[in-house]
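K.L.:
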Amino acid sequence: MHELSICQGIVEVAAAALRGVPPPPPPVARVTVRIGRLTAVVPDSLRYHFDLLTPGTLLNGATLVIEEIPIRGRCADCAARFEIDTLTFTCPRCDSGLVELTSGRELQVISLETREEMAGGN
Amino acid sequence: MEISVLRNVLDANDVIAKENRKAFDAHGCFVVNLMSAPGSGKTTLLERTLRALDGRLKAGVIEGDVQGSLDADRLARLGVPVAQINTDPHFGGECHLDARMVWHALPAIELDGLDLVFIENVGNLVCPAEFWVGEDRKVMMSSVAEGEDKPLKYPLMFRVSDLLLLNKVDLLGRSDFDLARFRANAARVNPALGIIELSARTGQGLEAWIEWLAREVETVRLS
Numbered sequence: 005m006h007e008l009s010i011c012q013g014i015v016e017v018a019a020a021a022l023r024g025v026p027p028p029p030p031p032v033a034r035v036t037v038r039i040g041r042l043t044a045v046v047p048d049s050l051r052y053h054f055d056l057l058t059p060g061t062l063l064n065g066a067t068l069v070i071e072e073i074p075i076r077g078r079c080a081d082c083a084a085r086f087e088i089d090t091l092t093f094t095c096p097r098c099d100s101g102l103v104e105l106t107s108g109r110e111l112q113v114i115s116l117e118t119r120e121e122m123a124g125g126n
Numbered sequence: 006m007e008i009s010v011l012r013n014v015l016d017a018n019d020v021i022a023k024e025n026r027k028a029f030d031a032h033g034c035f036v037v038n039l040m041s042a043p044g045s046g047k048t049t050l051l052e053r054t055l056r057a058l059d060g061r062l063k064a065g066v067i068e069g070d071v072q073g074s075l076d077a078d079r080l081a082r083l084g085v086p087v088a089q090i091n092t093d094p095h096f097g098g099e100c101h102l103d104a105r106m107v108w109h110a111l112p113a114i115e116l117d118g119l120d121l122v123f124i125e126n127v128g129n130l131v132c133p134a135e136f137w138v139g140e141d142r143k144v145m146m147s148s149v150a151e152g153e154d155k156p157l158k159y160p161l162m163f164r165v166s167d168l169l170l171l172n173k174v175d176l177l178g179r180s181d182f183d184l185a186r187f188r189a190n191a192a193r194v195n196p197a198l199g200i201i202e203l204s205a206r207t208g209q210g211l212e213a214w215i216e217w218l219a220r221e222v223e224t225v226r227l228s
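Taken in order, these protein sequences are the chains called S and B.
When the letters of the first sequence are read in order and numbered with our numbering, they come out as residues 5 to 126.
When the letters of the second sequence are read in order and numbered with our numbering, they come out as residues 6 to 228.
1. Taking only beta-carbon atoms, is V17 (chain S) less than 9 Å away from chain B?
2. Grouping DSSP H, G and I as helix and E and B as strand, with all else coil, what is Q12 (chain S)?
3. Run the CB neighbour count on S180 (chain B), radius 10 Å, all protein chains shown included, and call it buried at 16 or more, exposed below.
4. Taking one C-beta from the region 121-140 of chain B and one from the region 154-163 of chain B each time, how about it: are there three or more such pairs within less than 8 Å?
5. Using the beta-carbon of each residue, which ones in chain S are nearer than 8 Å to I8 (chain B)?
6. Along the region 105-139 of chain B, where does the CB come closer than 8 Å to a CB of chain S? Name the residues.
7. Between A44 (chain S) and I10 (chain S), what straight-line distance do the alpha-carbon atoms span, to the nearest angstrom?
8. Using DSSP's beta-bridge definition, name the partner residues of D70 (chain B).
9. So R226 (chain B) is in the alpha helix (DSSP H); what residue range does that whole segment cover?
10. Pair every Cβ in the region 208-227 of chain B with every Cβ in the region 189-198 of chain B, then say whether three or more of these pairs are closer than 8 Å.
11. So, helix, strand or coil for E151 (chain B), using DSSP?
12. Does DSSP put K63 (chain B) in a helix, a strand or coil?
13. Can you pull the chain S residues whose beta carbon is under 7 Å from the beta carbon of V14 (chain B), in chain order?
14. Out of B:C100, B:D70 and B:P94, state which residue places its alpha-carbon closest to the alpha-carbon of V87 (chain B).
15. With 9 Å set as the bound, which would you pick, yes or no: does the beta-carbon of L177 (chain B) sit closer than that to a beta-carbon of chain S?
16. Tell me the start and end of each unbroken alpha helix (DSSP H) in the region 113-168 of chain B that is at least 4 residues and wholly inside, in chain order.
17. Please report the straight-line C-alpha distance between G199 (chain B) and G84 (chain B), rounded to a whole angstrom.
18. Taking the alpha helix (DSSP H) that A33 (chain S) belongs to, which residues open and close that run?
19. How about A83 (chain S): is its C-beta nearer than 9 Å to some C-beta of chain B?
20. Report the residues of the region 166-195 of chain B with a CB closer than 8 Å to any CB of chain S, ordered along the chain.
21. How about E24 (chain B): is its C-beta nearer than 9 Å to some C-beta of chain S?
22. Using the beta-carbon of each residue, which ones in chain B are nearer than 7 Å to A44 (chain S)?
23. Going by Cα to Cα distance, which pick from B:D59, B:L58 and B:T54 is closest to L170 (chain B)?
24. Under 8 Å Cβ to Cβ from N126 (chain S), same chain only, skipping five residues before and after it: list those, please.
25. Output, in chain order, the set of chain S residues within a Cβ distance shorter than 8 Å of A197 (chain B).
26. Given a cut-off of 9 Å on the beta-carbon distance, is the pair A33 (chain S) and A66 (chain S) in contact?
27. Report all residues from its chain with a CB closer than 6 Å to the CB of E135 (chain B); omit the five preceding and five following residues, and keep chain order.
28. Using a Cβ-Cβ distance cut-off of 9 Å, determine whether R79 (chain B) contacts chain S.
29. Taking 9 Å as the cut-off, decide whether the C-beta atoms of P122 (chain B) and V36 (chain B) are in contact.
30. Just to confirm the assignment: which complete alpha helix (DSSP H) runs, minimum length 4, are found wholly within the region 52-104 of chain S?
31. Can you pull the chain S neighbours of C100 (chain B), defined as C-beta to C-beta under 9 Å?
32. To which residues of the same chain is P26 (chain S) closer than 7 Å at the C-beta, ignoring the five residues directly before and after it?
33. From what residue to what residue does the alpha helix (DSSP H) around M106 (chain B) run?
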């Protein structure tokens, strides 16, 4: 997966969120994202590209925090809920193929934490 | 201070995909996003398909490639409307089509009168799966020459697709491809995924594909 353009997307979403805050935009200490395992995004690569891309932007100096979300399914036949880690998308209880994914495809910016808070904590 | 965001990274793409959808709907076009690894046989299948649809359904193509117009030229020879998207140089040499690229291609194709638009994506089993470009259906192709383990190596592509075309079945007797294992692997990753076995080269299985298209066009028309 092309982590660089995903990082560009993260910067765009963060910039839009910062537009909702009275100017000037505060420095950002942390950006938290949620990445589902089915997207095949590599967390280390995402961090690497984030660090390359963010200097000089609204996210200058920010750390990328990645929540990795497992692939989870729900059986439409027997309502069983289960985690999928071996790429088997059939129900482990009743073997039905009617499995709905409840998580695993996330590619989301969850929150931003601005710098004043971090500085106060030191 | 914590600012709650809760936005999808690809939100900007989906906003544009909805605009593409509106443009297609305004002309009553049914749109198929055709995806596969490079060399699987998408363009050859489209040549066969467009010939078979002649007189039955009017179709056009939005052709996506990193460089060049080889595929668009092949298809334009069949007398159908074709628009070419080159991701290099216009879109950073991207390895997939996204909604913005398709949006830019719309003025180059006359949608009026078209029943069906094929968006032939860039050859890539990874990234195209992630981007809705405004299509009605995602159709993926895998071929006998690629081996039976593709569903396990590219689960997202196999999961998001509405139909799987297994191409190059004319090679079945001449390769080690294990068809039963391929079907089992595909069923494991996406039990609901229908498979049509065909050969774009010989025409075997083409009728099932054409019937699927005709049925899907009709279903969307009636809804």
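No residue lacks a Cβ here, since even glycine has one placed at the ideal position from N, Cα and C.
P.N.:
Let me spell this out:
1. yes
2. helix
3. An exposed status is given to S180 (chain B), since fewer than 16 other beta-carbon atoms sit within 10 Å of its beta-carbon.
4. yes
5. A21, L22, G24, V25, S115, L116, E117 and T118
6. Listed by position along the chain: V131, C132 and E135.
7. 12 Å
8. B:N91
9. L211 to L227
10. The answer is no - the region 189-198 of chain B does not touch the region 208-227 of chain B, with fewer than three Cβ pairs under 8 Å.
11. helix
12. coil
13. I10, G13, I14, V17, L111, Q112 and V113
14. B:D70
15. no
16. 155-158 and 160-165
17. 31 Å
18. Premise fails: A33 (chain S) lies in the beta strand (DSSP E), V32 to G40, not in any alpha helix (DSSP H).
19. A83 (chain S) does not count as touching chain B.
20. From the region 166-195 of chain B, only A192, R193, V194 and N195 have a Cβ closer than 8 Å to chain S.
21. Not one chain S Cβ lies under 9 Å of E24 (chain B).
22. Ordered by position in chain B, the residues that pass the 7 Å Cβ test against A44 (chain S) are V131 and L161.
23. B:T54
24. With a pLDDT of 46 at N126 (chain S), under the threshold of 50, the modelled position of this residue cannot be trusted; read the value that follows with caution. Close CB contacts of N126 (chain S) within its chain, under the 8 Å cut and outside five residues either way in sequence, are absent.
25. G101 and L102
26. yes
27. none
28. no
29. Residue identity check: residue 122 (chain B) is Val in the sequence provided, not Pro. For V122 (chain B) and V36 (chain B), yes; Cβs fall inside 9 Å.
30. none
31. H6
32. none
33. A104 to A110
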